[in-house]
Structures are given as C-alpha cells and as structure tokens.
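**Student:** Below is one structure. I have some questions about it.
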Amino acid sequence: DHQANQRARSNAILFKDDDEGNQQALTFMVLYKFDDLSPLVYHKPKSQLHSRNNLLPRPVLFRHLHHFPSFFVIIPMECSPHARVWVSLLLGLAMLIHGTQAQNSPQDYVAAHNAARAQVGVGPISWDDTVAAYAENYANQRIGDCSMIHSGGNGGQYGENIFGGGGSGWTAVDAVNSWVDEKSNYDYNTNTCASEQMCGHYTQVVWQNSVRLGCARVECNNGGTFITCNYDPAGNVDGERPY
C-alpha cells in the first residue's frame, strides 16, 4: 500500500549463467516514488470575455489521472541479454515518466503559449524575468493553501491566468494546455464565450499585445499544485479582440 509521496526501495533480481552453467544473481536497485494525483482540477481566469449573463465562475473537472511511479535504476555492469531487456524497459519507463514531470522550465511555458499563438497567426511571446519574479512571489504566497485567488496583477498592469490541481504531478504544459482547451468556447465574430462556458484563459494566452510572460509553479502544503502566469501588457481588454 503506497501512500502519497512515499519513497521506497526494492531490489530486482535477475539471473544469468556463469561459465560453469550455474546461475548467478544480478541485483540492481530500483528507487521509486508514488505521487497521489487527484482527478480534480480547478481554474479560473482573472477576467474573461462574456456577455453579462454568460459568466459562471465554477470549478471545471477536465482530467483524470492515477498513480504514476518514478523509477531511478542503477544498472549492473554486466548482465545477460534477458536482463538487459528488463533493464531497458525500466529505463524507458523511467525516462517517459520523468519527462512528464520535468516540463516546468521557462522554455516549456513559452513554447506552449507560442504554439497556441501561432495557430491563430499571433506573434510569439517571450519570457521576462521581471514578470516571472512577480509570478514567483505570488505563487509562494499560495503555498500555504493553494487557493485559487488572483493576485491583482500588479495593480492591473499584468494579465493573469491561474491553475490548481490536486497532487504534485501537474506541469507547466498541463496548465497552459488547460487554458488553451477553452479555444472551442471562444467565438471570434461575436468576441464572446459560448453560453455558460469559459474562454478568458485562452484569449489571454493568444492576446496579441501581451508580449512578455512570467510564470511560476509551487507544490502546496496540502499536496496540491498551484501555477500562475502573468502577461505584460495585460490582455482581455473590454471591447477589444485578442488579435
């Protein structure tokens, strides 16, 4: 029974024949970590484009995840072909899972934003250390509760998208993708969200005049994840289209 964030060790034993036909055990250590990832994700934008009767700031359930282990394998110096197969499989699994947990660099935030912007012909956004410092300072304030509360955007200077999820496995890419998923809710012709749907996260991501980006991610004391991105200048200006 593996609890959340529990680290454990186990030895995997593989056998090979020595020169005299006797079996010798090859032992390597597998280190693994299980993270408890809740299926619930709540997020809401600072502001969103909508008609007066079109705003329902409610939690949105958009993904189910289960327990994913992370493996770190110490490989024996020599092993049989059969052993190599198992070691290779373990390494492949470790690399796959590690890759999903390492998507939190500035480049990951920027690339995810620019992919969405390019789809609608909007120029790229770039990382800004000043904006990122603001985002990091506010994210650290949410470590104690992981509450989905906006910072105020530096007195309205910055736009802001926030993301929260149960468990510690959520990444920068997860956050941006959840905002971009609102694209189908946005009607460019009327410049509104679909009835009873959110689209303000998405419009901020692709807002043409927002050219500087800073984001931060923290793991909260309650085991959840809080991610915030700030945009300079702020988007979602009333009466204007994103591009």
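Letter by letter, the sequence shown follows residues 1 to 243 in full-length UniProt numbering. Just so it is clear, CB atoms sit at the ideal spot from N, CA and C, and this is done for glycine as well. Bear in mind the structure is a predicted one, so any value in this text is a computation, not a measurement.
May I have the straight-line CA-CA distance separating GLY239 from TYR188, to the nearest angstrom?
**Tutor:** GLY239 and TYR188: Cα-Cα distance of roughly 12 Å.
**Student:** Spatial neighbours of ALA172 within its chain, please: CB distance less than 8 Å, with the 5 preceding and 5 following residues excluded, ordered by chain position.
**Tutor:** Excluding positions up to five away in sequence, the list reads GLN103, ASN104, SER105, ASP108, TYR109, ALA112, CYS215, ARG217 and ILE227.
**Student:** State the DSSP-derived secondary structure class of TYR231, mapped to helix, strand or coil.
**Tutor:** Note: TYR231 maps to strand in three-state DSSP.
**Student:** State buried or exposed for VAL131, treating a residue as buried only when at least 16 other CB atoms are found within 10 Å of its CB.
**Tutor:** Buried, by the Cβ-count rule.
**Student:** Spatial neighbours of ALA175 within its chain, please: C-beta separation below 6 Å, excluding the five flanking residues on both sides.
**Tutor:** Only PHE163 and ILE227 meet the Cβ criterion.
**Student:** Please give the ranges of any alpha helix (DSSP H) in the segment 150-185, keeping only runs that are unbroken, at least 4 residues long and fully inside the region.
**Tutor:** For the segment 150-185, whole alpha helix (DSSP H) runs of length 4 or above, ordered along the chain, are 153-156 and 172-180.
**Student:** Within the same chain, show all residues whose beta-carbon is closer than 8 Å to that of TYR243, passing over the 5 residues directly before and after it, in chain order.
**Tutor:** Cβ neighbours of TYR243 beyond the five flanking positions: VAL120, GLY121, VAL122, VAL206, TRP207 and GLN208.
**Student:** Alpha carbon to alpha carbon, how far is ARG117 from GLN157? Give it in angstroms, no decimals.
**Tutor:** Each residue's alpha carbon lies about 21 Å from the other.
**Student:** Are ASN230 and GLY153 close, meaning C-beta to C-beta below 8 Å?
**Tutor:** A contact, by the Cβ cut-off of 8 Å.
**Student:** Can you have a look at ALA135 and say buried or exposed, based on whether 16 or more other CB atoms are within 10 angstroms of its CB?
**Tutor:** With 16 or more Cβ atoms within 10 Å of its Cβ, ALA135 is classed as buried.
**Student:** Quick one: what does DSSP say GLU136 is sitting in, helix, strand or coil?
**Tutor:** Helix at GLU136.
**Student:** Enumerate in chain order the residues of its own chain whose CB-to-CB distance from GLU182 is below 7 Å, with the five nearest sequence positions on each side excluded.
**Tutor:** Cβ neighbours of GLU182 beyond the five flanking positions: MET198, CYS199, HIS201 and TYR202.
**Student:** Considering GLY200, what are the terminal residues of the alpha helix (DSSP H) in which it resides?
**Tutor:** Taken as a continuous stretch (DSSP letters only), the alpha helix (DSSP H) holding GLY200 covers 200-205.
**Student:** For THR192, which three-state DSSP category applies?
**Tutor:** Here THR192 sits in strand by DSSP.
**Student:** Using the Cα positions of ASN137 and ILE143, report the straight-line distance between them to the nearest angstrom.
**Tutor:** Spanning the two alpha carbons is a distance of roughly 11 Å.
**Student:** DSSP three-state call for ARG142: helix, strand or coil?
**Tutor:** DSSP places ARG142 in coil when its eight states are reduced to three.
**Student:** Count the other CB atoms within 10 Å of the CB of THR190; is the residue buried (16 or more) or exposed (fewer)?
**Tutor:** The residue is exposed, with fewer than 16 neighbouring Cβ atoms inside 10 Å.
**Student:** Hey, how far is the Cα of ASN177 from the Cα of TRP170?
**Tutor:** Each residue's alpha carbon lies about 11 Å from the other.
**Student:** What are the partner residues of GLY121, as DSSP defines its beta bridges?
**Tutor:** Answer by DSSP bridge pairing: none, since GLY121 is not bridged.
**Student:** Among PRO233, ARG241 and CYS220, which has the Cα closest to the Cα of SER147?
**Tutor:** Nearest option by C-alpha distance: CYS220.
**Student:** Using alpha carbons as the reference points, say which of ALA115, GLU160 and ILE149 lies closest to ASN236.
**Tutor:** Nearest of ALA115, GLU160 and ILE149 to ASN236, Cα basis: GLU160.
**Student:** Looking only at its own chain, which residues have a Cβ that is under 7 Å from the Cβ of VAL180, when we skip the five neighbours before and after it?
**Tutor:** Excluding sequence neighbours, VAL180 sits near ALA116, TYR202 and VAL205.
**Student:** So what does DSSP say about VAL237, is it helix, strand or coil?
**Tutor:** Looking at VAL237 - three-state DSSP - the assignment turns out to be coil, as it is neither helix nor strand.
**Student:** Looking at C-alpha atoms only, which residue of THR225, ASP145, GLU196 and SER210 is the closest neighbour of ASP128?
**Tutor:** For the residues THR225, ASP145, GLU196 and SER210, the minimum Cα distance to ASP128 belongs to SER210.
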